[in-house]
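Peer 1: Residue numbers (the working numbering), protein chains in the order written: chain A, 614 to 1354; chain B, 614 to 1354. Before anything else, here's the structure in question.
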């Protein structure tokens, strides 16, 4: 870095520092949920909290917790849980370990071989690398596999299916290629991995191989480990393929806690175990398989970064895939640390991160776990000094997240009634890195998060983390608004928001920490220190951000819920779906016109297979008025609610209001859940049935439209209208309490 | 192919055959330029012409002409010319060879070596392949090089510059990377190759390497030769890097014919020879060079298909490039075959294709050359039987097209005055393949081409070539109009249209003949028969299409020029440029706002180099009214012209009108040419100064806008307005003649 550059940055840092000071001063005029008279005190508390945060702790704790593999059921995982328990206790928490007994498969037999036209036996083992002693722990490193693949022993011709997502099968259909009775090979990415074997099985395939193409997180992206951060030729991404969009958590105890004596399904009846065997492999192991494929050359968009021509098959490549798992009940240790609220002990702010990892998990999840711990430590220290929060805080370290959000799900299911009564919000974190603030969650909490993001300082640029995020958004999309993304799935917020109807957030930093270590033996402390967040500056910033949110929720006079951002966001979702219908209608019209004009036949290459496309059903006009009218009524109620003057409310008004406000999110759920997956109660946010982690907002309606289930779409519109009416009544009743009507 | 498939196709073929019949019957009511009474006779003539076309001739002639390498100056090239001369004579043409003496460099010394941090000596030789004896002709195969690279001996650090086009250098600038004093390595494609060394030299580089990345025409696209059609690891694309956007043709005789005794520039003063040495290489030779680069990882969009991480450098890779050429005057043999017109011998329809190739040139150019010959043979046979065209036909087989459109350019320059007096139109073809009809050219001829495309049958689908092309356009872009593309450069129409102002067309088929053989030793008869147009069905169709166009131009009562499509097209070009100004203005505003917000700094990764972007000058508002008003006047004149009733015109009226009409295109030229390149006279179409082959329409204005030369842009708008006024006067005078005013 040259001198001029440093100067420029220092000047900038200084000016932005002054700006932040000014912003804080301004914000002091108004913090959502706080009476004017209490704002200063809260800000002082937060400043005091921030001053406690030490990145050194994060560093040393990560080194300790990520020293050895610690997937669920390992001795080291248990050690970590017990060590955390001790820590929480030492910080003044009432801490305990809550244990569930969950089904966890350990890979006993993993055989993958190319049997024709040539022979190749897949190595299925990543190599240790120089400079990273963690990668040399041999047998202790969990063999690479996909948890909740079924056992199987299959041999068949191979078909390359790109990412193995719905649009890929549409393309295959156009080429006249059927995967029935075949084994498919799909690239990682493009969707959550569990969708790949799910769809493949639906299409009749008998086995599924998933590999990491160098285009997605290998040498195409950057130098590979240990030279760079990306996946070398032997790296394999582990991961669960449990059908989480149906229900997450223990596969044998859907909807209730996997306690020691719980009733359990027979494993053969567990619907979330895959129907076909599935195995992840490296690109070193994938190349000989792909090279042996013939048949049509894959579409341009399907090509990866391997030095070969990607053919689709089927065959002549034939593969043999044999998988056997040791299916055992394993103890999952959730560490639950409670700091009882000084004034409202039965109003709970929950805060969680998982502690189990696929291997060492320095980034995923330890980087987030240690930030949570440092936050909890600082809050505990303040409490010891008499600054105990008004509401109860519960810090959670979940086990068994990796195989399927199991620790958190079982705990939520087990405590559902009490949670729905007492929980105000759940704030989740997971792996964390260097870069930009990224927050998702309930849109009633958007204002709260935006206000906090406005006063937490970015460690690299000295402006607020909100300003830095918006700077990037302005460049990329022109947007200058701070928005929460909608939660799909992929971490422990899912049982809270989507099953129990508890307002939730998911927080993290990233964008300057790209790599290919995810779920491999290379996600180590050594890797993290070189490529992720070397100084733990963003780990500390995460602790500060989440901690401020927790403290505001804990101490607010009126729970910091804002309905305007929620209404704007919901309206945009509705518009999206209405636009989707329009686009689908135009596409069908265009498609049918092209068929009438014989255009597909005329434009086709006669030397290539041609499947005559069929005319499609016209897209009917749906009646969206139940949602539209409900949203209009809600807007009116929100306007009334917004007219309430917080400063004029008495303590008993506030108490009554908060008792109601804390259950706002619950009014957006429906006991019957979503079609074909009743575990998912939330009517606004869900993971996509065919995207996995990817969110579907207004899922009942949106997925029916996407699947062209028009009758169901209309039913779901009606149902969503009723759910929204529940929220409307809820807001109306809030207003009544405030106005004592 | 299964039975049902054949049935379906036969039914389709039958029904489309009936459609075509019906269309022909309909069209018989109106063919542009023909009086009602003459239409039937013309269509019978064309049918008779079509029935003569034999694809067998194309096959055997290609086998003969592509038997050995025949670049300019070779003995085999001369043999081909003399053999064609004999053929034309045998078909009743008055044929001769017109010879020019042009500078042509033969590569004497080609050394490329990596000298640090490791050592690699580039092989620079493509290997013969099994099953293709043509690739085994050893020393006779012209070594791979870029013609009109300067001699040079340089050694420097290497920089990877993606495609080496202007936007790539903008990206490098943002990264703070300078190519001054370096040797650049660029991928082929992204623009015409000659732009790469031109820009590199402008940026201060001292050498340029161009390689074929497997992503563009190698294994990423499909199987490589000989298994498939694409470029294997040793294939190298030859090609000219002469600065053709300045002027094409002999580098020593700009603007006049390179006759034996012509004055010649000193080679050191020839402005179209590159400023720095440049060499094309294979991806086998490129890989060690790219692997040795360090520095920033290339942007995602830059990555190619090699199994490595693309770094930009500079260095530590250092390369030594030494090139020496044998600069000799070589004879270029243009074969010119004339069939004198029966009624209007001084109205010439010119038709050309080049005959020289870089190596064997089965596809490029022989596939087009043999189609032209078969067309000429059939027309000659008809003439022998008494059906001699009214106007004179001149069939041309150009030499030395590959090194820089030299044969055609010298001929046009040498005969410019007579051509501008007598030429009605020039119809060009070049390499041809299987697939879709593709036609570019003067938009006054669009109606003519569309009408012909409506009656020529696609050999694979049985519908008209127009209907098949439109079927594809409908699928890809929704467009259902038949349009000519605008001519940039890259084949022999350039001197005709852009220098001499003669209405021109460029015709061909393709889209189902992809491969990587272009300008390599693999463009052979064997390759063509397997992957291009195996039955020469599209070669025959090209002969039919071009032949019908030639015969209509030759026999029309009134020359088939239509002004409406021209006006529509020109208006759309003007709109494009006005929209471009708007977009540029918005982009500058957005950019400057981002700088005011400090967004670029805030969003930048402090671990990576960051060059603070500077504020940009606001985009001024240009006064487009000179063009707009002229276009409005032209529209009125066109409406008057369209009111002329062809059937009511006397022969002397027609003769007088045609004498004027044939010079329509000339009115779109300006004697002073384009800024900084006076050779290019046409004010509507030109190859881009920084795109090469890629067209720039309304080039004076558009390029000034793109280069942000606002004063020049305003001057060019005025100049274009005056040129358009010339056309307006021209159309007005046509109307006066017709109305005898």
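Think of the CB as a built atom: it goes at the ideal place given N, C-alpha and C, for glycine as much as any other residue.
Helix, strand or coil: how does DSSP classify residue 1363/B here?
Peer 2: Outside the displayed range of chain B (614 to 1354) lies residue 1363/B, so it cannot be described from this structure.
Peer 1: Mind listing the chain A neighbours of residue 1210/B? Cutoff is C-beta to C-beta under 8 Å, in chain order.
Peer 2: Neighbours of residue 1210/B in chain A, taken as residues at a C-beta separation under 8 Å, are given in chain order as 1084, 1087.
Peer 1: Please list the segments of the alpha helix (DSSP H) lying wholly inside the region 1266-1346 of chain B, counting only runs of 4 or more residues, in order along the chain.
Peer 2: 1312-1319
Peer 1: Return the chain-ordered list of same chain residues with a C-beta closer than 7 Å to the C-beta of residue 1310/A, the five sequence neighbours on each side being excluded.
Peer 2: 1099, 1186, 1297, 1298
Peer 1: Count the other CB atoms within 10 Å of the CB of residue 1236/A; is the residue buried (16 or more) or exposed (fewer)?
Peer 2: exposed
Peer 1: Does the beta carbon of residue 920/A come closer than 8 Å to any beta carbon on chain B?
Peer 2: yes
Peer 1: Just verifying my parser: in three-state terms, what is the DSSP assignment at residue 1052/A?
Peer 2: strand
Peer 1: Are residue 704/A and residue 990/A touching if we call contact CB-CB under 8 Å?
Peer 2: yes
Peer 1: Quick one: list the residues of chain B neighbouring residue 1218/A, beta-carbon separation under 7 Å, in chain order.
Peer 2: 1125
Peer 1: Give me the Cα-Cα distance between residue 638/B and residue 1165/B, rounded to the nearest whole angstrom.
Peer 2: Residue confidence is low: residue 638/B scores 47 on pLDDT, short of 50, so the model does not pin down where it sits. No coordinate-derived value is stated.
Peer 1: May I ask which residues mark the beginning and end of the alpha helix (DSSP H) holding residue 1179/A?
Peer 2: 1176-1209
Peer 1: At least one CB of chain B closer than 8 Å to the CB of residue 771/A: is that the case?
Peer 2: no
Peer 1: Kindly list, in the order they appear in chain B, the residues whose Cβ is closer than 8 Å to that of residue 1073/A.
Peer 2: 1219
Peer 1: Does the region 1335-1347 of chain A touch the region 1267-1281 of chain A, meaning 3 or more C-beta pairs lie closer than 8 Å?
Peer 2: yes
Peer 1: Specify the secondary structure class of residue 621/B as computed by DSSP and reduced to three states.
Peer 2: Caution applies to residue 621/B, whose pLDDT of 39 falls short of 50 and renders its modelled position unreliable; the value that the coordinates give is listed next. Looking at residue 621/B - three-state DSSP - the assignment turns out to be helix.
Peer 1: In chain order, what residues of the region 1092-1122 of chain B put their CB closer than 9 Å to some CB of chain A?
Peer 2: 1093
Peer 1: Report the start-end ranges of each alpha helix (DSSP H) in the region 1220-1261 of chain B that is 4 residues or longer and not cut off at the edges.
Peer 2: 1238-1255
Peer 1: Can you say whether residue 1224/A is buried or exposed, counting buried as having 16 or more other CB atoms within 10 angstroms of its CB?
Peer 2: exposed
Peer 1: Fully enclosed by the region 1052-1088 of chain B, which alpha helix (DSSP H) runs are 4 residues long or longer?
Peer 2: 1059-1066
Peer 1: Could you spell out the range, first to last residue, of the alpha helix (DSSP H) harbouring residue 683/A?
Peer 2: Annotation: residue 683/A is outside any alpha helix (DSSP H) and is labelled neither H nor E by DSSP.
Peer 1: Locate the alpha helix (DSSP H) running through residue 833/A, then write down its first and last residues.
Peer 2: Unbroken run through residue 833/A: none, as it is neither H nor E.
Peer 1: Just checking, does the region 878-893 of chain A make contact with the region 754-769 of chain A on the three C-beta pairs under 8 Å criterion?
Peer 2: Result yes; three or more Cβ-Cβ pairs closer than 8 Å.
Peer 1: Shorter than 8 Å from the beta carbon of residue 910/B to some beta carbon of chain A?
Peer 2: yes
Peer 1: Return the Cβ separation of residue 894/A and residue 725/A in integer angstroms, given the expectation that the two are a contact with Cβ distance under 8 Å.
Peer 2: 7 Å
Peer 1: Please state the DSSP three-state secondary structure of residue 735/B.
Peer 2: coil
Peer 1: From what residue to what residue does the alpha helix (DSSP H) around residue 1165/A run?
Peer 2: 1150-1168
Peer 1: With 8 Å as the threshold, decide whether the Cβ of residue 1068/B is near any Cβ in chain A.
Peer 2: Under the Cβ criterion of 8 Å, residue 1068/B is not counted among the residues facing chain A.
Peer 1: What does a CB cutoff of less than 8 Å around residue 966/B pick up in its chain, not counting 5 residues either side in sequence?
Peer 2: 978, 981, 982, 984, 985, 1009, 1010, 1011, 1041, 1042, 1043, 1105
Peer 1: Among 1330/A, 1321/A, 1255/A, 1352/A, which has the Cα closest to the Cα of residue 1269/A?
Peer 2: 1352/A
Peer 1: I'd like the ranges of any alpha helix (DSSP H) spanning at least 4 consecutive residues and lying wholly in the region 797-883 of chain B.
Peer 2: Complete alpha helix (DSSP H) runs here, min 4: 808-815, 827-830.
Peer 1: Suppose the cutoff is 6 Å on Cβ atoms and the five residues either side in sequence are ignored; what does the same chain contact list for residue 1246/B look like?
Peer 2: 1341
Peer 1: Which residues, taken in chain order from the region 1315-1335 of chain A, show a beta carbon closer than 9 Å to some beta carbon of chain B?
Peer 2: Cβ proximity to chain B below 9 Å picks out nothing from the region 1315-1335 of chain A.
Peer 1: State the start and end residues of the unbroken alpha helix (DSSP H) segment that holds residue 955/A.
Peer 2: Per DSSP, residue 955/A belongs to no alpha helix (DSSP H) and is neither H nor E.
Peer 1: Using only alpha-carbon positions, find the residue among 897/A, 900/A, 866/A, 875/A that is nearest to residue 886/A.
Peer 2: 866/A
Peer 1: Which of the residues in the region 788-817 of chain A, read from start to end, lie with their CB under 7 Å from any CB of chain B?
Peer 2: Residues passing the 7 Å Cβ filter: none.
Peer 1: Applying the 10 Å Cβ sphere with the 16-neighbour rule, what's the burial state of residue 1233/B?
Peer 2: The C-beta of residue 1233/B has fewer than 16 other C-beta atoms within 10 Å across all chains shown, which makes the residue exposed.
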